[in-house]
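*Asks:* Quick note: the sequence shown, position 92, residue 92 per full-length UniProt numbering, numbers continuous.
Note that CB positions come from ideal geometry on N, CA and C, so glycine has one too.
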Amino acid sequence: MTHKLLDLMQKTGYPIAQQNGQRKFGPPPNWTGPPPPKGCEVFVGKLPREIFEDELVPIFSKVGKIYEMRLMMDFSGSNRGYAFVTYCTKSEASTAVKQLNGYEIRARRHIGVVKSVDNCRLFVGGIPKTKTKSDILDELSKRVSGIVDVILYNNCYDKRLNRGFAFVEFTCHRAAAMARRTLIPGCVKLWDQEVMVDWAEPEPDIDDDQMKRVKVLYARNFQISTTPETIQTIFESAVNGKIERVKKIYDYAFIHFYEREHAELAMAKLQNADIDGSVIEIRWAKPVDRELYRIQKLSRGNAKFNNSLDLSQTLLLYKQHLDKKEYANSPKEDEGIGSACAGESSCCSPMDSKISGYPYNMAPEQNYTFAPAKLDAVCKGYGYEIQIIILD
Numbered sequence: 001m002t003h004k005l006l007d008l009m010q011k012t013g014y015p016i017a018q019q020n021g022q023r024k025f026g027p028p029p030n031w032t033g034p035p036p037p038k039g040c041e042v043f044v045g046k047l048p049r050e051i052f053e054d055e056l057v058p059i060f061s062k063v064g065k066i067y068e069m070r071l072m073m074d075f076s077g078s079n080r081g082y083a084f085v086t087y088c089t090k091s092e093a094s095t096a097v098k099q100l101n102g103y104e105i106r107a108r109r110h111i112g113v114v115k116s117v118d119n120c121r122l123f124v125g126g127i128p129k130t131k132t133k134s135d136i137l138d139e140l141s142k143r144v145s146g147i148v149d150v151i152l153y154n155n156c157y158d159k160r161l162n163r164g165f166a167f168v169e170f171t172c173h174r175a176a177a178m179a180r181r182t183l184i185p186g187c188v189k190l191w192d193q194e195v196m197v198d199w200a201e202p203e204p205d206i207d208d209d210q211m212k213r214v215k216v217l218y219a220r221n222f223q224i225s226t227t228p229e230t231i232q233t234i235f236e237s238a239v240n241g242k243i244e245r246v247k248k249i250y251d252y253a254f255i256h257f258y259e260r261e262h263a264e265l266a267m268a269k270l271q272n273a274d275i276d277g278s279v280i281e282i283r284w285a286k287p288v289d290r291e292l293y294r295i296q297k298l299s300r301g302n303a304k305f306n307n308s309l310d311l312s313q314t315l316l317l318y319k320q321h322l323d324k325k326e327y328a329n330s331p332k333e334d335e336g337i338g339s340a341c342a343g344e345s346s347c348c349s350p351m352d353s354k355i356s357g358y359p360y361n362m363a364p365e366q367n368y369t370f371a372p373a374k375l376d377a378v379c380k381g382y383g384y385e386i387q388i389i390i391l392d
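Written as structure tokens, this is what we have:
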């Protein structure tokens, strides 16, 4: 095997180094500038234990230029059945998923290839409700480094209070992982009380072209007393035209437009506008795959994460649901479900039960389908609801 790896290095010019239980192939020779952006990495599962870079690199190089391949290794010298491949562009990573997912790498041995999730966000629960964003940032900065932002949501009924949890964004996955390790529940207290720290649910990876077709805005931080009719009137005045509809849920709303240009204009004019005494935030709503969403809704949980299913079970279950086509006649206006974990929505309703002092809903464990993500960055799946939409 050593000779094969040396031949691969000579042929490609890529370095190969092994450290911390993984063997890295790359980056490319003469690479200048920063590494590829987020969204360029794919997860490869169900690998035969006796396969290595000399076979994997030619296969994955067919669909695009490899920036780096990380093959997970065990002490015996075999691989651990999975790897991560980073391409130079997002489009190459998407092509790899389309062309290599299900690829027969050995007789009757098919690999699974999906987009990897490079999670840089932590969930922190049990925060005193009187603390502000700056309070949380100052307190956490005393113990961990690499914090980029703190996302804090106000209470629906009293804007002076927070909801008892926050999301903390870090510079990279490694910084977030180190912070999670430092803030072990039971070992570290903030403001003299226990807090819960875990991975936040990663935001869905939506294709840029698909996002450019979205005609729905997500707006948050409304007063509970603000009516959908008031919101519709304000947004129609901003664009000087009719909008399709408004769906308001507690202190956030989805505003559906007939034209993309009207949505863009409304966002530009009303971002941080004061409506009924509350400053609102506006973002683009994120679409989701219809079939995967239906599986999620059947399970009454998050379709992306489940620690109890392995890759083969995931792909099989997903394929079975698609083959049944049992969702083909579902209503297109279905809004979907959604959660605070992505940081895109307010998501924690005032009707949610409060368990162990945390203001989020802890759903019972169920068999939610699991889209394999970077294994050391998989969320626990707390059953939060995340607001998403369905687009054709």
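#1: Count the other C-beta atoms from every protein chain shown that fall within 10 angstroms of the C-beta of TYR358, then say buried if there are 16 or more, exposed otherwise.
#2: Output the residue ranges of the beta strand (DSSP E) runs that lie fully inside the region 43 to 122 and measure 3 residues or longer, sorted by chain position.
#3: Which ranges would you report for the alpha helix (DSSP H) in the UniProt domain "RRM" (215 to 287) if only whole runs of at least 4 residues count?
#4: Mind checking who LYS24 pairs with in its DSSP beta bridge?
#5: Kindly indicate which three-state DSSP category ASP158 falls into: helix, strand or coil?
#6: Per DSSP, GLY125 forms a beta bridge with which residues?
#7: Would you mind giving the Cβ-Cβ distance between PHE60 and VAL85, rounded to the nearest angstrom? I have them listed as a contact below 8 Å.
#8: What three-state label does DSSP hand LYS142 in the structure shown?
#9: When the Cα atoms are used, what is the spatial distance from ALA253 to VAL246?
#10: Could you check the C-alpha separation between GLU201 and GLU53 for me, to the nearest Å?
#11: Could you tell me whether the region 176 to 185 touches the region 218 to 234, where touching means 3 or more Cβ pairs closer than 8 Å?
#12: Closest to VAL168 by CA distance: which of ALA176, LEU5, ASN162 is it?
#13: Go ahead and label TYR153 buried or exposed: buried means 16 or more other beta carbons lie within 10 angstroms of its beta carbon, across all protein chains shown.
#14: Report the residue from LEU140, ASN20, GLU92 whose alpha carbon sits nearest the alpha carbon of ASP74.
#15: Drop a sphere of 10 angstroms on the beta-carbon of GLY186, count the other beta-carbons inside from all chains shown, and report buried for 16 or more, exposed for fewer.
#16: Taking the alpha helix (DSSP H) that ARG181 falls in, what are its first and last residues?
*Replies:* Quick answer:
#1: Note that TYR358 scores a pLDDT of 34, beneath 50, so its modelled location is shaky and nothing firm can be said.
#2: Within the region 43 to 122, the beta strand (DSSP E) runs of at least 3 residues that lie entirely inside it are, in chain order, 66 to 73, 79 to 87, 104 to 106, 112 to 115.
#3: Every alpha helix (DSSP H) of 4 residues or more that sits fully in the UniProt domain "RRM" (215 to 287) is shown, in chain order, as 228 to 239, 260 to 270.
#4: By DSSP's assignment, LYS24 forms a beta bridge with ALA17, ARG70.
#5: Coil, per DSSP.
#6: According to DSSP, residue pairing for GLY125 in a beta bridge involves PHE165, MET196.
#7: Contact between PHE60 and VAL85 holds: CB atoms are separated by about 5 Å, below the 8 Å threshold.
#8: In this structure, LYS142 counts as coil in the three-state DSSP scheme.
#9: Straight through space, the alpha carbons of VAL246 and ALA253 are spaced by roughly 7 Å.
#10: Computed Cα separation, rounded: 31 Å.
#11: Flag = no, the region 176 to 185 and the region 218 to 234 do not touch.
#12: If we check each option's Cα against that of VAL168, ALA176 comes out closest.
#13: Result: buried.
#14: The alpha carbon of ASP74 has as its nearest neighbour, out of LEU140, ASN20, GLU92, the alpha carbon of ASN20.
#15: Counting of Cβ neighbours within 10 angstroms places GLY186 among the exposed residues, the total staying below 16.
#16: Here the alpha helix (DSSP H) through ARG181 covers 173 to 182.
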